[in-house]
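Below: the structure, in structure tokens.
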Amino acid sequence: MPRLIERCLPVLAGAGAIALGALIAAALLRTPENDGAMARAALEALPDSGVGNPVTAVLLNFRAFDTLLEVAVLLLTLVAVWALDLRLPRTEALPASPVFSSLLRISGPLLVVIAGYLLWVGASEPGGAFQAGAVLAGGCLLLRLAGRWNPGAGFVRWAASVGLLVFLLTAIAMPALTGGLLQYPHASAGMWILLIETAATVSIAAILTALFVAREPGETRP
Amino acid sequence: MTVTDFYALVGVALFVMGLSALILRKRDLQRILGLNIMGTGVFMVLVTSALGQGQPADPVPHAMVLTGIVVAVSATAFALALSLARERHK
Amino acid sequence: MIEWWVDGLLGVMMLWLAWQALSAADLLRAVAMFVTFGLLVAIAWIRLGAPDVAIAEAAIGAGLTGALLLITIRRMDDQRGSGTQEKPRAKAD
Amino acid sequence: MTLWWSTLCVAAPLLAAVLLFIRPKWMAGIALVAVTLVLVGALGLASVLHDSGPQFIAIGGWGAPLGIGWRIDGLTVTMLLMAGIVGWPVTLYAHGYFGGAAAGRHFWPLWMLLLTALCSLFLSNDLFNWYVTLELLGLSAVALVTLSGKKAALDAAQRYLYTGLVGSLFYLMGVALIYNDYGVLDLAVLREVTEPSLALWVALGLMAFGLLVKSALFPLHFWLPAAHGSAPAPVSAILSALVVKGAFYILLRLWFDLVPATLPDAVSLILGGLGAGAIIWGSLQAIRATRLKMLVAYSTVAQLGYLALFFPLSESGQWGDAALTGLVYFMFAHGCAKGAMFLAAGNLQRAAGHDDLVSLAPTAQALPVSMFAFAIGGVSIMGLPPSGGFIAKWSLLNAAIGSGGWIWVAVMIAGGLLSAGYIFRVLSLSFSESGDEPEPGPELVPVAKSSEWASLLLASIALLLGLNALPMLDLLSIGLPRAG
Chain A
1 MPRLIERCLP
11 VLAGAGAIAL
21 GALIAAALLR
31 TPENDGAMAR
41 AALEALPDSG
51 VGNPVTAVLL
61 NFRAFDTLLE
71 VAVLLLTLVA
81 VWALDLRLPR
91 TEALPASPVF
101 SSLLRISGPL
111 LVVIAGYLLW
121 VGASEPGGAF
131 QAGAVLAGGC
141 LLLRLAGRWN
151 PGAGFVRWAA
161 SVGLLVFLLT
171 AIAMPALTGG
181 LLQYPHASAG
191 MWILLIETAA
201 TVSIAAILTA
211 LFVAREPGET
221 RP
Chain B
1 MTVTDFYALV
11 GVALFVMGLS
21 ALILRKRDLQ
31 RILGLNIMGT
41 GVFMVLVTSA
51 LGQGQPADPV
61 PHAMVLTGIV
71 VAVSATAFAL
81 ALSLARERHK
Chain C
1 MIEWWVDGLL
11 GVMMLWLAWQ
21 ALSAADLLRA
31 VAMFVTFGLL
41 VAIAWIRLGA
51 PDVAIAEAAI
61 GAGLTGALLL
71 ITIRRMDDQR
81 GSGTQEKPRA
91 KAD
Chain D
1 MTLWWSTLCV
11 AAPLLAAVLL
21 FIRPKWMAGI
31 ALVAVTLVLV
41 GALGLASVLH
51 DSGPQFIAIG
61 GWGAPLGIGW
71 RIDGLTVTML
81 LMAGIVGWPV
91 TLYAHGYFGG
101 AAAGRHFWPL
111 WMLLLTALCS
121 LFLSNDLFNW
131 YVTLELLGLS
141 AVALVTLSGK
151 KAALDAAQRY
161 LYTGLVGSLF
171 YLMGVALIYN
181 DYGVLDLAVL
191 REVTEPSLAL
201 WVALGLMAFG
211 LLVKSALFPL
221 HFWLPAAHGS
231 APAPVSAILS
241 ALVVKGAFYI
251 LLRLWFDLVP
261 ATLPDAVSLI
271 LGGLGAGAII
281 WGSLQAIRAT
291 RLKMLVAYST
301 VAQLGYLALF
311 FPLSESGQWG
321 DAALTGLVYF
331 MFAHGCAKGA
341 MFLAAGNLQR
351 AAGHDDLVSL
361 APTAQALPVS
371 MFAFAIGGVS
381 IMGLPPSGGF
391 IAKWSLLNAA
401 IGSGGWIWVA
411 VMIAGGLLSA
421 GYIFRVLSLS
431 FSESGDEPEP
441 GPELVPVAKS
451 SEWASLLLAS
461 IALLLGLNAL
471 PMLDLLSIGL
481 PRAG
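Set out below in structure tokens:
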């Protein structure tokens with residue numbers, strides 16, 4: 001009996017999946033697209049958001065609460081991975097080679113510059129904290145893999161959490177300034193967003209790097 | 001059928017492909033790939049919903065997908081670490 | 001007409017690569033297929049007018065996820081290879 | 001004031017999580033303060049509600065449809081109170097349970113993030129914001145399960161993780177379909193604009209499936225017993241008492257605001273049927289269980305079935321309100337009772353080093369406080385007076401009788417008898433005379449007094465809910481949601 005089920009499962013799963021796909025496809029194609037009211041609302045509010053890139057405006061202003069929780073998801077993942085206590089070997093550095101180190105000398109600073117550019121330009125053009133953080137994480141990883149950089153436990157913890165901390169403190173400070181949660185003062189909205197994004201970039205880079213390393217700093221085990 | 005519809009259908013196909021892989025595959029890594037491809041399918045349906053009739057693109061779905069991508073990489077990192085931890089206990 | 005060619009080809013390629021990533025017996029090959037898939041998805045985002053998403057997809061969805069997958073495969077091999085596994089110790093019940 | 005109280009519920013645990021992450025040494029003190037603040041926030045909201053009715057908060061000052069809104073009515077505040085009231089003893093308990101152990105270092109930030117997710121979920125009224133809270137909730141729950149570090153827990157955690165992620169993606173696909181159709185995420189706006197269509201039905205189906213997987217309704221419960229049974233005891237309590245209710249809460253909101261009145265009766269009948277299946281199947285598995293924590297976990301599967309019984313009952317006109325009252329009271333009472341039972345079971349397991357039912361008697365007799373807590377929790381689970389479980393089941397039963405749903409009446413009575421079966425089994429095994437002094441059993445590990453009293457505290461609240469039900473029922477009735 002179990003063998004029969006095992007043999008039938010691919011067929012059943014395939015048929016079920018196709019039926020499900022057909023149903024969703026029918027639902028998608030049968031309906032007219034929405035009338036774009038949300039797009040209009042977002043673009044109308046854009047001048048008041050403090051930034052020029054509509055996606056950044058949604059992420060850091062209109063729906064900033066989503067993003068706050070999302071940064072919390074990142075921090076959560078780091079704790080979760082550390083809690084698994086993977087006991088990886090202490091050194092996973094790549095063997096030193098002249099080619100690699102000269103590559104590093106060029107690409108390290110370059111990645112930092114690109115990250116800074118993405119962060120800055122995100123206010124008005126495509127880009128922003130997440131993209132910048134990911135690029136910065138790439139740079140940090142290269143440095144770590146080359147054995148050039150091994151930050152201490154305290155540094156990693158602060159860097160990983162500063163984004164969430166700044167974001168949260170800003171969110172709860174706003175009611176005193178404007179009377180609304182996560183509601184920035186009109187004149188300085190852009191500045192607040194840049195502050196949050198800068199802190200978030202540092203944290204995203206730190207967390208993504210630490211997720212890759214997967215080893216809790218300050219662990220005493222050899 | 002418009003180009004937008006076409007991409008939406010590709011998204012639906014990716015969703016069901018990822019789902020079936022998750023059910024049928026045995027190895028952790030393949031199932032994690034399945035989850036990621038399933039997620040990409042949902043994101044594609046979301047992004048196509050940003051394109052109305054001749055209007056400028058709606059930024060809200062783009063922001064949702066950005067959030068989704070970050071959540072997906074978090075979940076992937078955790079899932080990979082978890083399967084590594086299970087491997088050690090074998 | 002040209003437009004349709006680009007999008008049609010892109011869509012078919014994405015589906016094929018996803019299929020390959022999910023069915024390859026060799027995990028390294030599967031990851032390679034997945035990363036390529038991610039890059040094509042990034043192009044699709046540009047075609048759909050979502051450049052912000054495209055940058056994030058290329059950097060995070062393809063790049064970082066790919067790196068995580070690769071290092072995990074390597075760590076799995078290391079763990080299986082080294083016979084000196086320490087006995088796991090329970091931390092609490 | 002509404003803004004401050006509701007912000008407190010989210011910001012206090014989140015800030016605590018960050019601080020505990022930066023400085024793991026601070027541990028329990030900060031967590032206990034944060035949970036207390038959640039409770040204070042929930043009580044503050046209750047008083048605001050009492051004075052001026054349901055409230056809305058537009059985060060960022062944008063308002064629907066552009067911004068995210070918080071909706072605060074009796075249901076919201078009851079759930080927030082549940083989180084605070086269950087969370088407080090659990091935090092106290094975890095302090096004794098983890099002590100200085102390494103696992104505790106990770107427990108505290110994870111638990112605080114879970115509480116943040118839960119409070120945000122209860123406050124929110126936005127389809128996509130719910131997705132983010134669901135992910136935060138689900139990932140922190142899975143991470144907490146892994147803390148025991150045992151193979152069984154890691155296997156259960158993986159299954160829990162994959163199932164939860166599939167559930168989230170189904171939910172998100174449903175959200176995508178709705179957004180494609182209406183371009184709105186705020187539930188209050190959607191309530192006004194949605195009309196029955198194929199897309200709406202498919203979207204609701206996808207979302208409901210994802211949420212039912214996450215709230216473990218039979219037969220989608222397959223991941224629950226192992227995860228809840230193998231987690232560290234305070235985590236089991238959190239998962240059974242609170243986490244499964246997060247997804248169900250969203251389902252309930254969708255039911256009232258998004259499901260059109262033209263829903264075929266068959267759908268609610270099927271949901272009720274699944275609930276009946278859960279009650280019977282889960283109870284039978286609990287009766288057959290050989291380990292105490294597995295017994296309690298299967299009891300959760302059974303009790304979650306009662307939540308699904310609500311759907312056919314809510315269709316029954318004037319009895320709908322009674323059914324909703326019963327349902328919410330049920331969630332609250334089950335949270336307290338089940339939390340207490342898991343905490344008590346954890347004490348027994350900690351003391352004996354195992355939780356095999358047959359050899360539990362000496363341990364049970366050495367820990368009278370914990371056994372007493374387990375018994376009181378059991379009284380509420382069985383639905384005997386005077387307990388919160390009694391009030392809840394009484395309301396549900398009333399609604400079923402009033403609307404002539406005799407099948408549901410029969411199922412509820414059968415469920416009550418079956419739950420008495422597994423709970424008395426534990427009690428009789430525990431208090432059975434050890435007879436002619438068997439082998440001088442292994443030394444018992446001492447259990448922290450605070451852990452014993454924490455389980456009793458939670459159990460007493462389950463009892464108190466039955467002794468003084470009126471304030472709670474009043475609160476609940478403020479802005480009671482109605483289908484429309």
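Chains as they are written, first to last, in my numbering: chain A, 1 to 222; chain B, 1 to 90; chain C, 1 to 93; chain D, 1 to 484.
Glycine included, every Cβ here is placed at the ideal spot set by N, Cα and C.
- Measuring C-alpha to C-alpha distances from alanine 25/A to each of Asp28/B, Leu9/B, Thr40/B, Val70/B identifies Leu9/B as the nearest.
- For asparagine 53/A, at least one C-beta of chain C is nearer than 9 angstroms to its own C-beta.
- A Cβ-Cβ contact shorter than 9 angstroms links glycine 38/C with alanine 62/C.
- In the three-state scheme derived from DSSP, where H, G and I count as helix and E and B as strand, aspartate 73/D is classed as coil.
- Across the set Pro362/D, Leu187/D, Leu147/D, the C-alpha of Leu187/D shows the shortest separation from the C-alpha of isoleucine 250/D.
- Isoleucine 57/D: member of the beta strand (DSSP E) spanning 55 to 58, first to last residue.
- Contacts with chain A at 9 angstroms (Cβ-Cβ) include isoleucine 22/D.
- Runs of the alpha helix (DSSP H) lying entirely within the region 177 to 254 of chain D, each at least 4 residues long, are 187 to 193, 198 to 214, 224 to 230, 233 to 238 in chain order.
- Here proline 217/A is near proline 151/A, since their CB atoms are less than 9 angstroms apart.
- A check of alpha carbon separations from serine 268/D across Val243/D, Ile287/D, Phe311/D identifies Phe311/D as the nearest.
- Aspartate 48/A sits in a helix when the DSSP states are folded into three classes.
- Rounded to whole angstroms, leucine 169/A and proline 126/A show a C-alpha spacing of 27 angstroms.
- Counting the other CB atoms within 10 Å of its CB gives phenylalanine 155/A a total below 16, which places it among the exposed residues.
- By the Cβ test, the region 49 to 60 of chain C is not in contact with the region 29 to 36 of chain C, since fewer than three Cβ pairs between them sit closer than 8 angstroms.
- Counting along the chain, the unbroken alpha helix (DSSP H) around arginine 425/D starts and ends at 406 to 431.
- Using beta-carbon distances, lysine 449/D does not count as an interface residue toward chain B, since no partner is under 9 angstroms.
- About 7 angstroms separates the beta carbons of leucine 465/D and isoleucine 391/D, which is inside the 8 angstroms limit, making them a contact pair.
- Across the region 368 to 382 of chain D, no CB contact with chain A closer than 7 angstroms is found for any residue.
- Checking the DSSP bridge columns, you'll see serine 124/D partnered with Trp70/D.
- Interface criterion not met: the Cβ of leucine 28/A is under 9 angstroms from no Cβ in chain C.
- For aspartate 356/D, the secondary structure class from DSSP, reduced to helix, strand or coil, is strand.
- For the pair leucine 20/A and isoleucine 73/C, the Cα-to-Cα distance works out to about 32 angstroms.
- DSSP, read as helix, strand or coil, puts arginine 75/C in helix.
- Residue pairing by DSSP puts arginine 291/D in a beta bridge opposite Asp356/D.
- With contacts defined by Cβ atoms closer than 9 angstroms, leucine 59/A and isoleucine 204/A do not form a contacting pair.
- Following the DSSP letters along the chain, one finds aspartate 52/C inside the alpha helix (DSSP H) bounded by residues 51 to 56.
- Residue burial is scored here from C-beta neighbours: lysine 393/D has at least 16 other C-beta atoms within 10 angstroms and is therefore classed as buried.
- Exposure of isoleucine 18/A is indicated by the presence of fewer than 16 other C-beta atoms within 10 angstroms of its C-beta.
- A direct Cα-to-Cα measurement between valine 447/D and alanine 462/D gives close to 23 angstroms.
- Neighbours of valine 10/B in chain C, taken as residues whose beta carbon is under 7 angstroms from its own, are Gly11, Met14, Leu15 in chain order.
- If you check the CB distance, alanine 146/A and leucine 208/A do not come in under 9 angstroms.
- DSSP places tyrosine 184/A outside both helix and strand once states are collapsed to three, so it counts as coil.
- Here tryptophan 62/D carries a coil assignment [DSSP, helix/strand/coil].
- Residue contact with chain D for glutamate 33/A: present (Cβ-Cβ distance below 9 angstroms to some residue of chain D).
- In the three-state reduction of the DSSP assignment, tryptophan 149/A falls in the coil class, being assigned neither a helical nor a strand state.
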